[in-house]
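Enquirer: Residue numbers (our numbering), protein chains in the order written: chain S, 1 to 204; chain W, 1 to 204; chain X, 1 to 204; chain P, 1 to 204.
All residues carry an ideal CB built from backbone N, CA and C; glycine is no exception.
To start, I am sharing the structure in question, which I have written as structure tokens.
There are 4 protein chains.
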Amino acid sequence: MTAFEKIIRHFERFPGIGSRQAKRFAFHLLTLDQSDLTELAELIRTIRTNVIVCPSCARFHSLQSPDRNCSVCGSTMRDRSKLTVVERDTDIDAIERSGVYDGLYFVLGGTVPLLDSQDVKRLRGGMLKQIVETRVTEGLKEIILGFSVNPDGENTGRYIETLLREQIEKNALKISHLGRGLSTGSELEYADPETIKNALKNRS
Amino acid sequence: MTAFEKIIRHFERFPGIGSRQAKRFAFHLLTLDQSDLTELAELIRTIRTNVIVCPSCARFHSLQSPDRNCSVCGSTMRDRSKLTVVERDTDIDAIERSGVYDGLYFVLGGTVPLLDSQDVKRLRGGMLKQIVETRVTEGLKEIILGFSVNPDGENTGRYIETLLREQIEKNALKISHLGRGLSTGSELEYADPETIKNALKNRS
Amino acid sequence: MTAFEKIIRHFERFPGIGSRQAKRFAFHLLTLDQSDLTELAELIRTIRTNVIVCPSCARFHSLQSPDRNCSVCGSTMRDRSKLTVVERDTDIDAIERSGVYDGLYFVLGGTVPLLDSQDVKRLRGGMLKQIVETRVTEGLKEIILGFSVNPDGENTGRYIETLLREQIEKNALKISHLGRGLSTGSELEYADPETIKNALKNRS
Amino acid sequence: MTAFEKIIRHFERFPGIGSRQAKRFAFHLLTLDQSDLTELAELIRTIRTNVIVCPSCARFHSLQSPDRNCSVCGSTMRDRSKLTVVERDTDIDAIERSGVYDGLYFVLGGTVPLLDSQDVKRLRGGMLKQIVETRVTEGLKEIILGFSVNPDGENTGRYIETLLREQIEKNALKISHLGRGLSTGSELEYADPETIKNALKNRS
Chain S
1 MTAFEKIIRH
11 FERFPGIGSR
21 QAKRFAFHLL
31 TLDQSDLTEL
41 AELIRTIRTN
51 VIVCPSCARF
61 HSLQSPDRNC
71 SVCGSTMRDR
81 SKLTVVERDT
91 DIDAIERSGV
101 YDGLYFVLGG
111 TVPLLDSQDV
121 KRLRGGMLKQ
131 IVETRVTEGL
141 KEIILGFSVN
151 PDGENTGRYI
161 ETLLREQIEK
171 NALKISHLGR
181 GLSTGSELEY
191 ADPETIKNAL
201 KNRS
Chain W
1 MTAFEKIIRH
11 FERFPGIGSR
21 QAKRFAFHLL
31 TLDQSDLTEL
41 AELIRTIRTN
51 VIVCPSCARF
61 HSLQSPDRNC
71 SVCGSTMRDR
81 SKLTVVERDT
91 DIDAIERSGV
101 YDGLYFVLGG
111 TVPLLDSQDV
121 KRLRGGMLKQ
131 IVETRVTEGL
141 KEIILGFSVN
151 PDGENTGRYI
161 ETLLREQIEK
171 NALKISHLGR
181 GLSTGSELEY
191 ADPETIKNAL
201 KNRS
Chain X
1 MTAFEKIIRH
11 FERFPGIGSR
21 QAKRFAFHLL
31 TLDQSDLTEL
41 AELIRTIRTN
51 VIVCPSCARF
61 HSLQSPDRNC
71 SVCGSTMRDR
81 SKLTVVERDT
91 DIDAIERSGV
101 YDGLYFVLGG
111 TVPLLDSQDV
121 KRLRGGMLKQ
131 IVETRVTEGL
141 KEIILGFSVN
151 PDGENTGRYI
161 ETLLREQIEK
171 NALKISHLGR
181 GLSTGSELEY
191 ADPETIKNAL
201 KNRS
Chain P
1 MTAFEKIIRH
11 FERFPGIGSR
21 QAKRFAFHLL
31 TLDQSDLTEL
41 AELIRTIRTN
51 VIVCPSCARF
61 HSLQSPDRNC
71 SVCGSTMRDR
81 SKLTVVERDT
91 DIDAIERSGV
101 YDGLYFVLGG
111 TVPLLDSQDV
121 KRLRGGMLKQ
131 IVETRVTEGL
141 KEIILGFSVN
151 PDGENTGRYI
161 ETLLREQIEK
171 NALKISHLGR
181 GLSTGSELEY
191 ADPETIKNAL
201 KNRS
């Protein structure tokens, strides 16, 4: 296998990339200056040392703080009574963009698929239990299940409720789900009964 | 123009139908038995006598009641304190499928587009005012704006609020909007800030 | 079942129409004037008497000629040495739009699917044999297989060749296939090997 | 800008990649072993030394031949009387997959868009003229315009004809276009008139 074929093979493993686009990526590299190639290569080689996993919420970040905490977990301005558990780093970005949440986060690292529940080992369930233990001493009152509204997201919510049951009861924590209703762009005619039910219930 | 071309011309005016599909419809008719053709022709010829416009909510129906009211408006089981204003007949079907609404409806007959507001004349604003006048005597307390979550739907909501302002104030009616949040199938990562804001606000 | 539901049921049998669009069609009818409804109903009721099947090519048409022939089969300007066999009436329209074919047609009435070959009974194979017999006395030299370039189209081509084998041999008829190559909009990079092979072979 | 943001910025410049997918790529890298990261980095850093531009056809390749020619240009088995000019490297792959072409290639490096013709400077027009000069001494007889069947592809064909006019006349070279017709999967009913015209002309 030539170097060119090897690089295509690497790109084919990128999420959502087929063999044709992998080849395009390789051709794209050939159009770059050597200085760009050298910089990209160096960034890739050192990504694991430059990117830090926050010990409090498990998200990736690059903030060089002494305790390795990310900007949210290290902030004194966030409301420590709320902890939102999400699937992925990018979910935090989406919530932060909404500009209305001032609590903390925890990145579970994936969902618990309905049909393949042994994937649970790959998730950060144990770390979540420990973090909740600590956060309780800091005033944690509510755990928000920040998952997608689909079977896997709902199953993951149930997993978290089971995982944390003892801690929830002992500390009288509130577990809450994101509100459901019509999302931006929803047309009433095409909305499913569950969505309409919630849209009527949450009317204001 | 031949009879065949004339029929294609009729089908081309059907919603969402282009010339190619109109032609397919005409060819489809040629494959039907004469008894089916005669039945379909008779149903089309008499549709306006067989289909009744409900004098209370303006929806189309076929219930042969003495006062021409539809099954919802004629029912004694519905909660007359609530009136949901919708754009189209099919929106009523969607809400009824959710099985949680027991109030009344009114079909406005369209939206008030942001960019072309003179379409307002085609809507049943005048009839709505009259119906609200009557419904108030029957105990109406709340008007629910059952419109899609998009610019035209929001503009139509503002139109209704303006249209009914006096009646709302005089009778202390509540105006409510359908609740917003994550709809079924929504993925957090792709949700817009407004939807996430509402999902957090309406969490439970 | 109400008249309104019956009419929706009819529209649901139209090609490519689901229950939601069938309902839209019914609501559309309600917006029409009674004169339009009466005209459409009459056109549908009489479509089978107003539309004629050409006895020479089997296409539907409305030309009231004494011998019931369509405008192509009845024309003295068409080249009777060529006969193109197509699947559907609409294929004739597509070929006529190209403006370069001056021969005759025959509408087979469908394809012979690779996987369900008993559908052959519904096709007009017997009529085609008879027509070829007649056309030979008028100077027929070439039969063009005007089918789509897909497995069913190719299988239909083979079916015609087998069906007409004796007549082809006895009368030394030429059987030809439509030329293959890059079609309008084709991008070389995405073209399949068979298409490129033909594009190279037919280069000019 | 952090290292993580820098790497996302690089991926955003990859063809067809938006900011969301660029971020996914960065997260994907974080899931890789350091050995994979190191290998990928090294392949990217050295891609320009490992990938060679063929001096005869301008395609990228990795064959370490003394004269830096690619496997096609360096082969004694190819028919040197034919030269196909294509837009991109990947077009050569598509033609080679068809298995019927045994001539030579030249990669122009892009098209001449109808609306923005000053892009011509970026193409390898000058190099093509030189290569044709050399190929003529080796027996070149035909130049095949291997471009897509769309306005840009056709405009590029006209550009090549103008560019090489003198050489074509002086050496009596034949210029040919790829054959047009129905491509695999084409349905007659949806084919445009130009495609049907060619399908009838090239019937066989």
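1) Hey, how far is the Cα of W:Asp89 from the Cα of W:Thr156?
2) Measure the Cβ-Cβ separation of P:Arg80 and P:Glu138 and say whether it is below 8 Å.
3) List the DSSP bridge partners of W:Glu142.
4) For P:Leu104, report the span of its beta strand (DSSP E) as first-last.
5) Determine contact between the region 157-174 of chain S and the region 187-202 of chain W, defined as no fewer than three beta-carbon pairs at a distance below 8 Å.
6) Sorted by chain position, which residues of the same chain lie with C-beta nearer than 8 Å to X:Leu63's C-beta, five sequence neighbours on each side aside?
7) Tell me whether P:Ile53 sits in a helix, a strand or coil according to DSSP, three-state version.
8) Between the region 123-139 of chain W and chain S, which residues of the former have a C-beta closer than 8 Å to a C-beta of the latter?
9) CB S:Ile160 to CB S:Leu145, shorter than 8 Å?
10) Pull up the distance between the alpha-carbon of S:Arg24 and that of S:Pro66, whole angstroms please.
11) Between W:Ile92 and W:Val86, is the Cβ-Cβ spacing less than 8 Å?
12) Could you check the C-alpha separation between X:Arg59 and X:Phe147 for me, to the nearest Å?
13) From S:Leu188 to P:Arg13, what does the alpha carbon distance come to, in whole angstroms?
14) Am I right that W:Asn198 and S:Gly181 are in contact with their C-beta atoms under 8 Å? What's the rounded C-beta distance?
15) Tell me the residue span of the alpha helix (DSSP H) that contains S:Phe147.
16) Going by alpha carbons, who is nearest to P:Phe106 out of P:Ile7, P:Ser35, P:Glu142 and P:Asp116?
17) Could you list which residues in chain P have their beta carbon closer than 9 Å to that of X:Pro113, in chain order?
18) Determine, using beta carbons only, whether P:Phe25 comes closer than 8 Å to chain S.
19) Rounded to the nearest angstrom, how far is the Cβ of X:Ala22 from that of X:Ile8, given a contact under 8 Å?
20) Against P:Ser204, what residues of chain X qualify as contacts under a CB-to-CB distance less than 8 Å, listed in chain order?
21) What span of residues does the alpha helix (DSSP H) with P:Arg24 cover, start to end?
22) Can you tell me which of the three DSSP states X:Phe14 falls into?
23) Is the shortest distance between the beta-carbon of X:Asn155 and the beta-carbons of chain P less than 8 Å?
24) Which residues in the same chain as X:Ser37 place their Cβ atom closer than 7 Å to its Cβ, once the five residues preceding and following it in sequence are excluded?
25) Taking the alpha helix (DSSP H) that P:Val132 falls in, what are its first and last residues?
26) Should P:Arg124 and P:Leu104 be called a contact, given that it needs their Cβ atoms to be closer than 8 Å?
27) Taking only beta-carbon atoms, is W:Leu182 less than 8 Å away from chain S?
28) Any beta-carbon of chain W closer than 8 Å to the one on S:Gly146?
29) 8 Å is my cut-off, CB to CB: does X:Asn50 come that close to chain W?
30) Let's test the definition: count the other Cβ atoms within 10 Å of the Cβ of X:Gly18 and tell me whether it reaches 16, buried, or not, exposed.
31) Report the neighbours of W:Pro15 on chain X: residues whose CB is nearer than 9 Å to its CB, in chain order.
32) Report the residue from S:Leu83, S:Thr2 and S:Cys54 whose alpha carbon sits nearest the alpha carbon of P:Thr46.
33) Per DSSP, what kind of secondary structure is P:Leu182 in: helix, strand or coil?
34) Give me the DSSP bridge partner(s) of W:Phe60.
35) Under 8 Å between C-beta atoms, does X:Ser35 make it to chain P?
36) Which of the three DSSP states, helix, strand or coil, is assigned to P:Asn202?
Expert: The short version:
1) Their Cα atoms are separated by approximately 16 Å.
2) yes
3) The partner list for W:Glu142 (beta bridge, DSSP) reads W:Lys82 and W:Lys174.
4) Its beta strand (DSSP E) spans residues Leu104 to Val107.
5) no
6) Ile52, Asn69, Cys70, Ser71 and Gly74
7) Sequence check: residue 53 of chain P is Val here, not Ile. Three-state DSSP puts P:Val53 in a strand.
8) none
9) yes
10) 41 Å
11) yes
12) 16 Å
13) 39 Å
14) 7 Å
15) Here S:Phe147 belongs to no alpha helix (DSSP H), and DSSP marks it neither H nor E.
16) P:Glu142
17) Result: empty, since nearest Cβ-Cβ is about 14 Å, beyond 9 Å.
18) With 8 Å as the cut-off, P:Phe25 counts as an interface residue toward chain S.
19) Going by Cβ atoms, the distance from X:Ala22 to X:Ile8 rounds to 5 Å, so yes, they are a contact pair.
20) Ser176, His177 and Gly179
21) Ser19 to Leu30
22) Assigned with DSSP and collapsed to three states, X:Phe14 falls in coil, not helix or strand.
23) Taking 8 Å as the CB threshold, X:Asn155 stays off the interface with chain P.
24) Ser is not the amino acid found at residue 37 of chain X; the sequence shown has Leu there. Excluding sequence neighbours, X:Leu37 sits near Leu29.
25) First-last of the alpha helix (DSSP H) with P:Val132: Gly125 to Thr137.
26) no
27) Cβ-Cβ to chain S under 8 Å: yes for W:Leu182.
28) It does: the Cβ of S:Gly146 has a partner Cβ on chain W nearer than 8 Å.
29) yes
30) exposed
31) Gln21, Arg24, Phe25, Phe27 and His28
32) S:Thr2
33) P:Leu182 falls in the strand class under three-state DSSP.
34) W:Val53
35) no
36) In the three-state reduction of the DSSP assignment, P:Asn202 falls in the coil class, being assigned neither a helical nor a strand state.
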